[in-house]
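Participant:
Numbering (our numbering), first residue to last: 408 to 859.
1. Please specify which runs of the beta strand (DSSP E), each continuous and at least 3 residues long, are wholly inside the segment 607-667, giving them in chain order.
2. Ignore the nearest five residues each way along the sequence and tell me which others in residue 662's own chain have a CB closer than 6 Å to its CB.
3. CB residue 444 to CB residue 495, shorter than 7 Å?
4. Going by the CB atoms, is the gap between residue 669 and residue 352 shorter than 7 Å?
5. Rounding to the nearest angstrom, what Cα-Cα distance links residue 696 and residue 568 in this structure?
6. My guess is that residue 704 and residue 449 are in contact by the Cβ rule of under 8 Å, so how many angstroms apart are they, rounded?
7. Quick check on DSSP: helix, strand or coil for residue 580?
8. Would you please state the rounded distance, in angstroms, between the beta carbons of residue 791 and residue 807? I believe it to be under 8 Å.
9. Report all residues from its chain with a CB closer than 7 Å to the CB of residue 709; omit the five preceding and five following residues, and keep chain order.
10. Please classify residue 447 as buried or exposed, where buried requires at least 16 other C-beta atoms within 10 Å of its C-beta.
11. If you reduce the DSSP assignment to three classes, tell me which class residue 478 lands in.
12. May I ask which residues mark the beginning and end of the beta strand (DSSP E) holding residue 535?
13. Are residue 487 and residue 706 touching if we call contact CB-CB under 7 Å?
14. Would you please state the rounded distance, in angstroms, between the beta carbons of residue 691 and residue 508? I believe it to be under 8 Å.
15. Hey, residue 598 and residue 626: beta-carbon distance below 7 Å or not?
16. Mapping DSSP to helix, strand and coil, what is residue 780?
17. Contact check, residue 629 vs residue 675 under 8 Å by CB: the rounded distance?
18. With DSSP as the reference, label residue 445 as helix, strand or coil.
19. What's the C-alpha gap between residue 523 and residue 576?
20. Suppose you measure from the CA of residue 700 to the CA of residue 650; what does that come to, to the nearest Å?
21. Taking the alpha carbon of residue 594 as the point to measure from, which residue in 581, 555, 442 and 835 has its own alpha carbon closest?
22. Whose CA, out of 511, 560 and 484, lies closest to the CA of residue 693?
23. Candidates 798, 803, 476 and 600: which alpha carbon is nearest residue 624's?
24. Going by C-alpha distance, which of 762, 585 and 549 is nearest residue 562?
25. Please go through the same chain and pick out, in chain order, the residues whose beta-carbon is closer than 8 Å to the beta-carbon of residue 677, but skip the five residues on each side of it.
26. Are residue 679 and residue 767 touching if we call contact CB-CB under 7 Å?
27. What are the start and end residues of the beta strand (DSSP E) that includes residue 603?
28. Alpha helix (DSSP H) containing residue 552: first to last residue?
29. Inspect the beta-carbon positions of residue 749 and residue 731 and report whether they are closer than 7 Å.
30. Looking at the unbroken alpha helix (DSSP H) that takes in residue 790, where does it start and where does it end?
31. Would you call residue 734 buried or exposed, if buried means 16 or more other Cβ atoms sit within 10 Å of its Cβ?
32. Which same chain residues end up closer than 6 Å to residue 771 when comparing Cβ atoms and leaving out the 5 residues on each side of it in sequence?
33. Using the C-alpha atoms, what's the distance from residue 566 back to residue 616?
34. What number of angstroms, rounded off, separates the C-alpha of residue 532 from the C-alpha of residue 553?
35. For the alpha helix (DSSP H) that contains residue 557, what are its first and last residues?
36. How would you call residue 746, buried or exposed, if buried means at least 16 neighbouring beta carbons within 10 angstroms?
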């Protein structure tokens, strides 16, 4: 649904100097030498009341009220996967969906209690809930906070009622503003709003005004997404049949750059391709993804990356849970979890994920962080020698210095088009140098670094 970079945009912007100054760095925290002991937790609530016209996410319209069964199964899978992992602490929890604000607050409390029984869940841990800005969602906000939620992510998407109708949303702009106000009362400084651009019939001018209106009422975090047409969705069919038109690619690119400027002028610093914050109000949960840390995925279709117990305890697995809720419920009831697929990540695959996710952040990948995953080949050795990457460095799209590897202001816009060159160079260097396979927790095992 979402595209975050725009290969066609190459204009230099005045804000680039501030972007590269390094004056304020979001989310800095000490690197953990043993990454197997900590993880974030993602909990997927798969149900929605309706399907938005643009959405191809794993979501379902419930045929009956099975919230009690779903709660029991989410608790049981949480318990099972925590026991399968080596972690001793959950650093953040994110309830996503679907529409998790449809869940009863007691469900949230029960899952958090399950986590606390198994591992350490610090009182300071960030606990985020995605909220649909409807009167029903707003009516439960206070109870969600009592249950343990301390950060709210609100799917505003648009402040234009006509556009909300086209997108199939079940709220109005007025309702969205009311939910934002209530959320800030309950979680001041910890409210994020999602807003979408590239919508049907949208112009750069209308987008700029809408964003300015939003910034007058929002809190300290904004997530910015471009609408992408996905096959199988109602909106895709409407565009294919000529019933609806969306802005051209160059117009969408201009909208993105316009948003970057507008947000920065209002005190927001971009810390990731799609995310902006002021007063250091970053999403710590998402930062754990971008830094290549472990995460455990619970619920239908959830994904995870963690080192399980056994087999030497050094190889990270990529795990995917069963998609369809009824089948997932059956599997959890039968064996405690609904893991449908798990793959051991070789050294190259792990480094590819660290690279792709880390380069999304404006601070990029620092040398110490890279060394946690690749102690025998530093960033300069991998990326500082070849002509393709050197051209990107010379053009100023990439920066490789004593801080690490990162995109420039202009380069972040081109990230999708630069990643193939970076990934190819990483693969080439790894394959040319068989080495001891260094896992994410700093331990080593003798292995060929190439993937099977």
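Yeah, the Cβ is synthetic: ideal placement off N, Cα and C, and Gly gets one too.
Bear in mind that the values here come from a model prediction, so they are computed numbers and not experimental data.
Facilitator: In brief:
1. 628-634
2. Position 255 of the chain shown, counted from the first residue, corresponds to residue 662. For residue 662, where only same-chain residues beyond five positions count, the Cβ hits under 6 Å are 604, 611 and 614.
3. Your numbering for residue 444 matches position 37 in the chain shown. Your numbering for residue 495 matches position 88 in the chain shown. Judged by beta-carbon spacing, residue 495 lies within the 7 Å limit of residue 444, meaning their Cβ atoms are closer than that value.
4. Past the boundaries of the shown model lies residue 352; the chain is included only from 408 to 859, so the question cannot be answered.
5. Taking the first residue of the chain shown as 1, we reach residue 696 at position 289. Taking the first residue of the chain shown as 1, we reach residue 568 at position 161. Approximately 34 Å, taken between the alpha carbons.
6. Here residue 704 is taken as the residue at index 297 of the chain shown, counted from 1. Here residue 449 is taken as the residue at index 42 of the chain shown, counted from 1. Contact annotation, residue 704 with residue 449: C-beta distance approximately 5 Å; criterion of less than 8 Å satisfied.
7. By one-based count along the chain shown, residue 580 stands at place 173. Of the three classes helix, strand and coil, the one that applies to residue 580 here is helix, per DSSP.
8. Position 384 of the chain shown, counting from 1, holds the residue named residue 791. Position 400 of the chain shown, counting from 1, holds the residue named residue 807. Contact annotation, residue 791 with residue 807: C-beta distance approximately 6 Å; criterion of less than 8 Å satisfied.
9. Position 302 of the chain shown, counted from the first residue, corresponds to residue 709. Same-chain partners within the cutoff: 449, 451 and 728.
10. Here residue 447 refers to the residue found at position 40 of the chain shown. That one is buried.
11. Taking the first residue of the chain shown as 1, we reach residue 478 at position 71. Residue state, collapsed to three classes: helix.
12. On the chain shown, residue 535 is found 128 positions in, with the first residue counted as 1. Residue 535 -> beta strand (DSSP E) spans 533-538.
13. Here residue 487 refers to the residue found at position 80 of the chain shown. Here residue 706 refers to the residue found at position 299 of the chain shown. Against a cut-off of 7 Å, the Cβ pair of residue 706 and residue 487 comes out as no contact.
14. Position 284 of the chain shown, counted from the start, is the residue given in the question as residue 691. Position 101 of the chain shown, counted from the start, is the residue given in the question as residue 508. At roughly 20 Å, the Cβ-Cβ gap does not stay under 8 Å, so residue 691 and residue 508 are not in contact.
15. The residue given as residue 598 occupies position 191 in the chain shown. The residue given as residue 626 occupies position 219 in the chain shown. Cβ atoms of residue 598 and residue 626: closer than 7 Å.
16. Looking up residue 780 in the chain shown gives position 373. In this structure, residue 780 counts as helix in the three-state DSSP scheme.
17. Counting from 1 along the chain shown, the entry for residue 629 is found at position 222. Counting from 1 along the chain shown, the entry for residue 675 is found at position 268. Going by Cβ atoms, the distance from residue 629 to residue 675 rounds to 6 Å, so yes, they are a contact pair.
18. Here the question's residue 445 lines up with position 38 in the chain shown. Strand, per DSSP.
19. Taking the first residue of the chain shown as 1, we reach residue 523 at position 116. Taking the first residue of the chain shown as 1, we reach residue 576 at position 169. Answer to the nearest angstrom: the Cα atoms are 35 Å apart.
20. Translated into positions along the chain shown, residue 700 becomes position 293. Translated into positions along the chain shown, residue 650 becomes position 243. Distance from the CA atom of residue 700 to the CA atom of residue 650, rounded to whole angstroms, is 44 Å.
21. Mapped onto the chain shown, residue 594 falls at position 187. Nearest of 581, 555, 442 and 835 to residue 594, Cα basis: 555.
22. Locating residue 693 in the chain shown gives position 286, where the first residue counts as 1. Nearest of 511, 560 and 484 to residue 693, Cα basis: 560.
23. Within the chain shown, residue 624 is the residue found at index 217, counting from 1. Taking only the C-alpha atoms, the option nearest residue 624 is 600.
24. What you label residue 562 is simply residue 155 of the chain shown in a count that begins at 1. If you compare the alpha carbons of 762, 585 and 549 with that of residue 562, the shortest gap goes to 585.
25. By one-based count along the chain shown, residue 677 stands at place 270. Taken in chain order, the residues that qualify are 426, 667, 670, 671, 683, 769 and 819.
26. Indexing the chain shown from 1 puts residue 679 at position 272. Indexing the chain shown from 1 puts residue 767 at position 360. Yes, they are a contact pair.
27. Position 196 of the chain shown, counted from the start, is the residue given in the question as residue 603. Residues 598-604.
28. Indexing the chain shown from 1 puts residue 552 at position 145. Run containing residue 552: 548-554, per the alpha helix (DSSP H) assignment.
29. If you number the chain shown from 1, residue 749 lands on position 342. If you number the chain shown from 1, residue 731 lands on position 324. Not in contact: residue 749 and residue 731 (Cβ atoms no closer than 7 Å).
30. Here residue 790 is taken as the residue at index 383 of the chain shown, counted from 1. Counting along the chain, the alpha helix (DSSP H) containing residue 790 begins and ends at 786-790.
31. Here residue 734 refers to the residue found at position 327 of the chain shown. By the beta-carbon neighbour count (other beta carbons within 10 angstroms, threshold 16), residue 734 is exposed.
32. Against the chain shown, residue 771 aligns to sequence position 364. These residues qualify, in order along the chain: 811, 812 and 813.
33. Within the chain shown, the letter at position 209 stands for residue 616. Within the chain shown, the letter at position 159 stands for residue 566. Roughly 10 Å separates the two Cα atoms.
34. On the chain shown, position 125 is the one that residue 532 refers to. On the chain shown, position 146 is the one that residue 553 refers to. Rounded to the nearest angstrom, the two C-alpha atoms are 15 Å apart.
35. Looking up residue 557 in the chain shown gives position 150. Unbroken run through residue 557: none, as it is neither H nor E.
36. Looking up residue 746 in the chain shown gives position 339. Per the 10 Å Cβ criterion, buried.
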